[in-house]
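For the sequence shown, the tail end lands on 870 under this note's numbering, and the numbers increase by one without skipping. The C-beta atom is built at its ideal place from N, Cα and C for all residues, glycine as well. Data first, discussion second: the structure below is written as structure tokens.
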Amino acid sequence: MGLLAVLYLSFGAVPLALLAHFASSLASDAVSDQVRHRLTTTAATSAVVVEQRLSSLTELIAATANDSVLATAVASLGGATEELLRQRLRIVVSQPGITEALITDLAGRTLASEPDTQYFTDVSRTDWFVGARSRSGPFVSAAYVPTFPDARRAVAVVAPIRDSARTTVALLAVAYSLDALQDFAGRIATAQGIELLITDQTGVVVARPDRDVSLIVSMIEDRRVSMALAGKSAYVREQTPLGWQLSATEPVARLGWTVTATVDEHRALSPARQIRSAVLTVSGILAGVLLAGLGLQIWLAAMRRRAERRLQQARDEAVRVSEFKSRFLATVSHEIRTPMNGILGLTRLLRDTRLDEEQRRYTDATAGAAEGLLAVVNDLLDLSRIEAGRFSLAVAPFDIRRLCREAVELLEPRARSQGLAVDTTVDGNVPERLVGDATRIRQVLLNLVGNAVKFTPAGRVSLSVSAEAVGGEGPVWVTFSVQDTGLGLTDEQRAHVFDRFVRDADERLEGAGLGLTISNELVALMDGQIGLESVPGVGSRFWFRLALDGTHPAIADPPTPLPIDSIEPVPAGQFGRVLVADDDDVNRLVARMVLRRAGFKVDVVGSGAEAIAAARARRYDIVLLDLHMPGLDGMAVSRAIRSQGPPDSRVPLVAMTASATAADRERCLAAGMDGFAAKPIDWEHLVTELRLRVWRGDGTLSADEATELCWDEQALTDLRRCGALDEAVETFAATAPVSAERIAAAIGSGDVASAAELAHRLAGSAATVGAAGLARRCARLSDRVQEQDRQPDERLVAEAAALGQAVAQALTALDAHRLPTA
Numbered sequence: 049m050g051l052l053a054v055l056y057l058s059f060g061a062v063p064l065a066l067l068a069h070f071a072s073s074l075a076s077d078a079v080s081d082q083v084r085h086r087l088t089t090t091a092a093t094s095a096v097v098v099e100q101r102l103s104s105l106t107e108l109i110a111a112t113a114n115d116s117v118l119a120t121a122v123a124s125l126g127g128a129t130e131e132l133l134r135q136r137l138r139i140v141v142s143q144p145g146i147t148e149a150l151i152t153d154l155a156g157r158t159l160a161s162e163p164d165t166q167y168f169t170d171v172s173r174t175d176w177f178v179g180a181r182s183r184s185g186p187f188v189s190a191a192y193v194p195t196f197p198d199a200r201r202a203v204a205v206v207a208p209i210r211d212s213a214r215t216t217v218a219l220l221a222v223a224y225s226l227d228a229l230q231d232f233a234g235r236i237a238t239a240q241g242i243e244l245l246i247t248d249q250t251g252v253v254v255a256r257p258d259r260d261v262s263l264i265v266s267m268i269e270d271r272r273v274s275m276a277l278a279g280k281s282a283y284v285r286e287q288t289p290l291g292w293q294l295s296a297t298e299p300v301a302r303l304g305w306t307v308t309a310t311v312d313e314h315r316a317l318s319p320a321r322q323i324r325s326a327v328l329t330v331s332g333i334l335a336g337v338l339l340a341g342l343g344l345q346i347w348l349a350a351m352r353r354r355a356e357r358r359l360q361q362a363r364d365e366a367v368r369v370s371e372f373k374s375r376f377l378a379t380v381s382h383e384i385r386t387p388m389n390g391i392l393g394l395t396r397l398l399r400d401t402r403l404d405e406e407q408r409r410y411t412d413a414t415a416g417a418a419e420g421l422l423a424v425v426n427d428l429l430d431l432s433r434i435e436a437g438r439f440s441l442a443v444a445p446f447d448i449r450r451l452c453r454e455a456v457e458l459l460e461p462r463a464r465s466q467g468l469a470v471d472t473t474v475d476g477n478v479p480e481r482l483v484g485d486a487t488r489i490r491q492v493l494l495n496l497v498g499n500a501v502k503f504t505p506a507g508r509v510s511l512s513v514s515a516e517a518v519g520g521e522g523p524v525w526v527t528f529s530v531q532d533t534g535l536g537l538t539d540e541q542r543a544h545v546f547d548r549f550v551r552d553a554d555e556r557l558e559g560a561g562l563g564l565t566i567s568n569e570l571v572a573l574m575d576g577q578i579g580l581e582s583v584p585g586v587g588s589r590f591w592f593r594l595a596l597d598g599t600h601p602a603i604a605d606p607p608t609p610l611p612i613d614s615i616e617p618v619p620a621g622q623f624g625r626v627l628v629a630d631d632d633d634v635n636r637l638v639a640r641m642v643l644r645r646a647g648f649k650v651d652v653v654g655s656g657a658e659a660i661a662a663a664r665a666r667r668y669d670i671v672l673l674d675l676h677m678p679g680l681d682g683m684a685v686s687r688a689i690r691s692q693g694p695p696d697s698r699v700p701l702v703a704m705t706a707s708a709t710a711a712d713r714e715r716c717l718a719a720g721m722d723g724f725a726a727k728p729i730d731w732e733h734l735v736t737e738l739r740l741r742v743w744r745g746d747g748t749l750s751a752d753e754a755t756e757l758c759w760d761e762q763a764l765t766d767l768r769r770c771g772a773l774d775e776a777v778e779t780f781a782a783t784a785p786v787s788a789e790r791i792a793a794a795i796g797s798g799d800v801a802s803a804a805e806l807a808h809r810l811a812g813s814a815a816t817v818g819a820a821g822l823a824r825r826c827a828r829l830s831d832r833v834q835e836q837d838r839q840p841d842e843r844l845v846a847e848a849a850a851l852g853q854a855v856a857q858a859l860t861a862l863d864a865h866r867l868p869t870a
């Protein structure tokens, strides 16, 4: 018997007691957590509701006070003007919760009130008037009891009325009844059984459903209120004359008010006591205890699964929002860039016709407006890509002095029209060539210099560049500084100058207020710093610093595109035949006219099916495909052409699209395309590139051959100026073919180290004589050779074997470039 008792106690009663105790504690903790969550959620939600109500009211009063008509009426106070003021006040009083409104001068004298009573006389001694005079913006007072008969408690919301010079000339004040907040607290108490206490910034009770709040009652000594007034959120258990209470307190952001949610602990935790009693009652029955524990575990698992489902739903929603944003960006880009392509293309063609002075002025204005709209669209798209985390940098070597010169030259016409002097200074210690995203650096410079020109009525704008070595062989800190003698910025303007959509008060100045925002984001993406110094009436200095690596000067920039006006008309077909597929009539017209003028035979079609049929019927030297066409889009056409088999399958395909994102580029390349041109099409650049390409006898295009004919005209000019051009070309002609043969032999024998070294040397020699395309090809070959482990693959061997022919073509073209230009 004793053994049975021991076994029962060991394997029955003790585990059962432990299980009952565990279940009771778990239930108590769960209920306590639920109560705490309910209190903190109610306090936080109520704080948001209070903030939103008062913030909406504050914005309404501020917007009314900012009405220029109101400021004018205050300045010219008279009979009709007073009636106008009262009309505006009656509109304000008609808003829910607003009981009185008045306008006072800065001495506290009432200029107009609604309702029009004798109680509005001198308000200069009121707390809200004193508080509003000490602020530069809207002001929400502490709670007070108005002096009207039968008046309830209210808060005053005051906003300054400013004239055109932004000088405060009067105050607009309204009395907002606190009955709405009292009703809100009462509804919370009724619905959830939670007592809600709301106080203002001085600790005075604003709303409390179980108390009479018609008098001023301060709760500043209450520990919960004092913590919230200090900006702290808290969960408190404290003993009161009524028993233990649980409270959650939250500060109301921007107002300084507090919200405290309180519940009686005994009543709130009664579910826990009931669960404990039930568990203890059935503790003698093993099955009941097990089922109760099992049920509790199931409940906890369900809560976890519910939380996981909510988390998964939130994650899926975020993905959907991101995808929608991407689709929206693509749609906006296409729908705006496509007509912009036609407008800019036709405008440039129209400039080449015979125009009188007035017509040319209208044409220039049209082009300027279209380019301005395109700049705004590009700014919005850049900002959206940055926010979505899809903005990438294109790091490459560039000439820092050339970049600064080109940026300033773009803005010089506007500066000269304003009588401004613009100068550029690059310190001698700045390396000649740096590695970075030249396009984005130019964009930041254009924004900063453009703003300086825009806001400088007279004087000069200066761009200066200096460098400071970080140490050793590492990067160089390059500082770009733009200084002007313009209007300058106040402290308040400096605080918000990099915020988006911030513009000057002068509406005549164009722009969407995004330039400095995007500049700030771009500099941050490049791991740099940006800042400013400014003195109102003297001028401003904007600067940004970037850590950029130096590079060897032998690697040259790509050739500069020829201006469209310099493309002289040549007989059609001299440079080959081009197929253009675009569903937009205007875009097809522009493409046909520009390419024919440049010396190409051009066929145009309006759909993907027509493009495939044309490519099958005739051999083309290059095909330009719009990505967004009815039926078959550009990528479907590309796949269809590539599937036809040689030789037609290897015709170069170039995508044209207004959706100029990195993802679109990757999809185009995956579909078999060779290039990508963003709308609006830069026809000058496209024509220049096509003219530089080499066309074979069978009509197909070799991308490698086209690469060899890219020239650095500046390098040739420098050699010609110093009298070393002929000697340099002769030396290159004698050594380059030998180097090409040695490279092919080294790769064929598996000597990757020697091949890489020889290709690197040939790249430097080619860059020296201006053969930028050949230099890039040799540099790529050197990189690819170094990636090989031992024996190079067949493709690399074939590329090395073709290097000799590429050198011969470069030498032939170099002879033509040796002739001096006019």
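Which first and last residues belong to the alpha helix (DSSP H) in which residue i is found?
| i | result |
| --- | --- |
| residue 565 | 563–573 |
| residue 275 | 271–277 |
| residue 461 | 448–465 |
| residue 721 | Here residue 721 belongs to no alpha helix (DSSP H), and DSSP marks it neither H nor E. |
| residue 656 | 656–665 |
Assuming residue i and residue j form a contact by the criterion Cβ under 8 Å, report the distance between their Cβ atoms to the nearest whole angstrom.
| i | j | result |
| --- | --- | --- |
| residue 501 | residue 468 | 6 Å |
| residue 813 | residue 780 | 6 Å |
| residue 308 | residue 91 | 7 Å |
| residue 824 | residue 854 | The Cβ separation is near 11 Å, so there is no contact. |
| residue 657 | residue 675 | Residue 657 to residue 675, Cβ: 15 Å. No contact. |
| residue 151 | residue 159 | 5 Å |
| residue 485 | residue 442 | 5 Å |
| residue 242 | residue 493 | That pair is no contact at about 58 Å. |
| residue 731 | residue 393 | 6 Å |
Could you give the distance in angstroms between the alpha-carbon of residue i and the alpha-carbon of residue j?
| i | j | result |
| --- | --- | --- |
| residue 345 | residue 226 | 47 Å |
| residue 110 | residue 208 | 7 Å |
| residue 251 | residue 489 | 53 Å |
| residue 273 | residue 246 | 9 Å |
| residue 862 | residue 852 | 15 Å |
| residue 750 | residue 508 | The predicted model places residue 750 with a pLDDT of 41, which falls under 50 and marks its position as unreliable; any figure quoted below should be read in that light. In a straight line, the C-alpha of residue 750 is about 50 Å away from that of residue 508. |
| residue 323 | residue 73 | 10 Å |
| residue 504 | residue 210 | 26 Å |
| residue 291 | residue 572 | 56 Å |
Use the C-beta contact count for residue i: other C-beta atoms within 10 angstroms, 16 or more gives buried, fewer gives exposed.
| i | result |
| --- | --- |
| residue 289 | exposed |
| residue 633 | exposed |
| residue 173 | exposed |
| residue 185 | exposed |
| residue 248 | buried |
| residue 540 | exposed |
| residue 410 | exposed |
| residue 285 | exposed |
| residue 682 | buried |
| residue 659 | buried |
Nearest to residue i by alpha carbon, out of the options?
| i | options | result |
| --- | --- | --- |
| residue 536 | 563, 515, 506, 547 | 506 |
| residue 510 | 224, 591, 360 | 591 |
| residue 578 | 80, 654, 657, 496 | 496 |
| residue 587 | 680, 542, 531, 692 | 531 |
| residue 673 | 789, 630, 639 | 630 |
| residue 648 | 656, 657, 666, 626 | 626 |
| residue 466 | 534, 682, 494 | 534 |
| residue 574 | 544, 523, 624, 585 | 523 |
If you follow the beta strand (DSSP E) that residue i is in, where does it begin and where does it stop?
| i | result |
| --- | --- |
| residue 692 | Element bounds for residue 692: n/a, residue is neither H nor E. |
| residue 287 | 282–288 |
| residue 593 | 587–598 |
| residue 652 | 649–653 |
| residue 210 | 202–210 |
| residue 116 | Taken as a continuous stretch (DSSP letters only), residue 116 belongs to no beta strand (DSSP E), being part of the alpha helix (DSSP H) at 116–123. |
Step through the CB atoms of chain D and report whether any lies within less than 9 Å of the CB of residue i.
| i | result |
| --- | --- |
| residue 449 | Protein chain content of the structure displayed is limited to a single chain, and chain D is not contained in it. |
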